[in-house]
Amino acid sequence: MVTLSLLAPGSLAACSGPAADAPTAQSGAIGAEAAASIPAGGTDVLGADPAAAFARDSGPSLKIETVTVQGPGFTQARRITGTGPFATPYDEQLSATSRTPIAQDDVLLVQFWARSTSSAPARTEFVFEQAGEGYQKSVSVALSLTSQWTLYSVPFKAALAYPAGGGAARFRLGYPNQSFEVGGIVLKNYAKGQTVGALPFAGFSYAGREPDAPWRAAAAARIEKLRKADLQVRVQDATGAPIAGATVKLEMRRHAFPFGSEVAVERLFENSPDGQKYQQLIPTLFNRVVLGNALKWPVWEGGWPGSQRPDALKALQFFKAKGIPVRGHNLLWPCAEDYCLPTDVPPLFSNPAALRARIDQHFIDILGATKGQIVEWDVINEPSANKRLSQVLGEDEMAAQLRRAKQLDPAARMFINDYGNLGEGDLDVEFTRILKRMQALGAPLEGIGLQGHFGYQLTPPDELYRRLGEFGALGLPLAITEFDVNVPGEALQADYLRDFLTVAFSTPQVSSFMMWGFWEGQHWLPQAALYRQDWSIKPSGQAFKDLVFKRWWTNASGTSDAAGQYRTRGFLGDYRLTVTARGRTTTQAISLKKGMAPVIVRR
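Under the UniProt record's numbering, the first residue of the sequence shown carries the number 1, and numbering increases by one thereafter.
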């Protein structure tokens, strides 16, 4: 059963469950100050009394009643009670339709208070979407409620134009065996008179965000052990005798660990100031890239406007010249949509032999054209939720697909990539089952791709490390393949990128970290970007640079001792080593690796 009390704006209830607490701030949340900081102006999307606008939207049984409550500023509330079980969270919904038109890209703000009525967490989801068929969403906020009243304040942009009555604010109630309360609802439309970043954002955080959180010291210790090595430089004369007092300078040039991003080939070669900036910035930030769409099957074969195959091959050569390895994404995306498969493939679902031959033709084509230019391939993308090919060919066909890919490009490492496995979804059990099945079949599965798309529910660092450890127990490298944090709060974005990346870098099995875009002007989730449209860096971008190029970056200098030796410790990667002795200077490139022999410099 789900019980929800919908209160008048600004009100708090003392209903069933714990006594009504005074509104309190929690980590990431703010109290009455946030409500007071709602900018003046704007249109009340749900009318003058938003609470009264909400009514039953769907579900087999929703009891709606008006109850007397006690609390500051109100005497009555509406209580909605639902019964389970529920097939989906939207089996039971509480909805209110928009009273006024909303234009595309209008800036809106929703605020409400919520709490669980027991010590157990409660779940719900707030969405603003099309009221009818299509249900395109402008915002979707998953919530895990504690027993304390928390103010949630979320600014967002309208994804499309909604006529009056065409938009719907909804609370999804289809979660069993819980009770929660919501009140103080405000939904304002500021049109183009505000920006998302200027409006209050509150109520969202994660355990372990604190500067002195215990996990930080443990992660730092692991990084020191895993990602660094000792370096010994021996300075000698032509006879091999040690030279004391030589000046030794070590300058890091590139990490051994891959830090990268998705890139769009159409933007990479665009003849415009933005295209030039995009192209110039990539090599300064990243030492690995993944082509976002250009290698997907329908795009490769020209199924999207303007075939990207020539640009894909050009991009591979561009990054080869820059010394930047490229991930391949993806050979197979086993859903039936036209963004997954070419349009001629679904008609073959009734003919398994023809379907198998068509897939093999694709593998021969793309792997032949890119052989030796891709360091690792997502051979199969998102198989946990996309089963269409497996329904025709059988799940074990994935093992044959891995074998065929490895046969056609032996140097590339073969991955299976999926989402919803790091606490941002619930596909980890199914994904683990698929991975173990591939291992049992002896398939050349050489790595696990974990996407890492995060929204309002952010996995705490301790839990993230545990989940990475569980996947790591399968004995394969783990690649973070598509990381982003899609929330409007720039400080929260920056903190979570910093902490997620720290946990990933400190986990032994994690072999690389990739983001799914970095610039607002070329990003599938623009507010998740590291750089704004005008190329100014956001706090998240600065957090990335501070970690990768400052905290985890080694520059060192000193002099050789009486034995001609200079010792230091640095992050694994490529360096420029400069030694000055007896009036002469030499410079050489070295790569710092675990267990490497001393570097001997003779003068």
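Idealized CB from N, CA, C, for every residue including glycine. Please read all numbers here as calculations on a predicted model, not as lab measurements.
Contacts around residue i, its chain only, beta-carbon distance under 7 Å, and the 5 residues preceding and following it disregarded
i           : result
residue 581 : 235, 243, 246 and 603
residue 358 : 345 and 348
residue 119 : 147
residue 274 : 521
residue 17  : Below a pLDDT of 50, predicted positions are generally treated as unreliable, and residue 17, at 33, falls in that range; the measurement from the model is reported next regardless. Same-chain partners within the cutoff: 117, 118 and 179.
residue 322 : 283
residue 523 : 517 and 529
residue 343 : 303
residue 576 : 251, 253, 587 and 589
residue 604 : Absent from the model: residue 604. The displayed extent of the chain is 1 to 603, so no value can be given.
Separation of residue j from residue i, as counted between CA atoms
i           : j           : result
residue 593 : residue 229 : 6 Å
residue 382 : residue 334 : 8 Å
residue 162 : residue 132 : 11 Å
residue 88  : residue 300 : 36 Å
residue 640 : residue 464 : Nothing about residue 640 can be reported from this structure: the residues present for the chain run from 1 to 603 only.
residue 141 : residue 484 : 16 Å
residue 492 : residue 292 : 26 Å
residue 583 : residue 574 : 26 Å
residue 435 : residue 549 : 35 Å
residue 101 : residue 157 : 14 Å
residue 305 : residue 312 : 14 Å
residue 489 : residue 111 : 15 Å
residue 262 : residue 249 : 34 Å
residue 109 : residue 193 : 12 Å
residue 561 : residue 232 : 11 Å
residue 29  : residue 202 : Residue placement at residue 29 is poorly supported in this model, since its pLDDT is 34, which falls under 50; the coordinates are not used for a value here.
residue 258 : residue 181 : 45 Å
residue 369 : residue 439 : 28 Å
residue 422 : residue 504 : 11 Å
residue 223 : residue 256 : 13 Å
Residue i - partner residues in DSSP beta bridges
i           : result
residue 247 : 559 and 580
residue 259 : 513
residue 152 : 112
residue 232 : 567
residue 588 : 577
residue 601 : 235
residue 187 : 110
residue 604 : Given a span of 1 to 603 for the chain in the structure shown, any question on residue 604 remains unanswerable.
residue 266 : None; residue 266 has no bridge partner.
residue 480 : 450 and 513
residue 124 : 143
residue 381 : 417
Exposed unless 16 or more other CB atoms sit within 10 angstroms - verdict on residue i
i           : result
residue 287 : buried
residue 397 : buried
residue 253 : exposed
residue 587 : exposed
residue 34  : The predicted position of residue 34 is uncertain, since its pLDDT is 48 and thus under 50; a value taken from the coordinates is nonetheless stated next. Answer is buried; the Cβ neighbour count reaches 16.
residue 264 : buried
residue 115 : buried
residue 374 : buried
residue 598 : exposed
residue 378 : buried
residue 330 : buried
residue 641 : Here the chain has residues from 1 to 603 only, and residue 641 is not among them.
residue 371 : exposed
residue 210 : exposed
residue 225 : exposed
Proximal residues to residue i (C-beta, below 6 Å), its chain only, five neighbours per side dropped
i           : result
residue 367 : 408 and 409
residue 684 : No answer is possible for residue 684: the residues shown for the chain start at 1 and end at 603.
residue 389 : 334
residue 137 : 127 and 129
residue 380 : 332, 398 and 416
residue 406 : 414 and 444
residue 309 : 300
residue 317 : none
residue 84  : 176
residue 325 : 288 and 375
Sequence-distant residues of the same chain with beta carbon closer than 8 Å to residue i, five excluded per side
i           : result
residue 360 : 404
residue 277 : 535
residue 376 : 327, 328, 412, 413, 414, 415, 446, 447 and 479
residue 462 : 207, 208 and 215
Test: residue i CB closer than 9 Å to a CB of chain D
i           : result
residue 561 : Absence of chain D from the displayed structure is noted, only one protein chain being present.
Do the region 438-455 and the region 206-213 make contact, defined as three or more Cβ pairs closer than 8 Å? no
I'd like to know if the region 535-545 and the region 491-505 are in contact, where contact means that at least 3 CB-CB pairs between them fall below 8 Å. yes
Segment contact flag, the region 180-189 with the region 40-50, C-beta cutoff 8 Å, min 3 pairs: yes
Give a yes or no on contact between the region 456-475 and the region 422-435, applying the rule of three or more CB pairs nearer than 8 Å. yes
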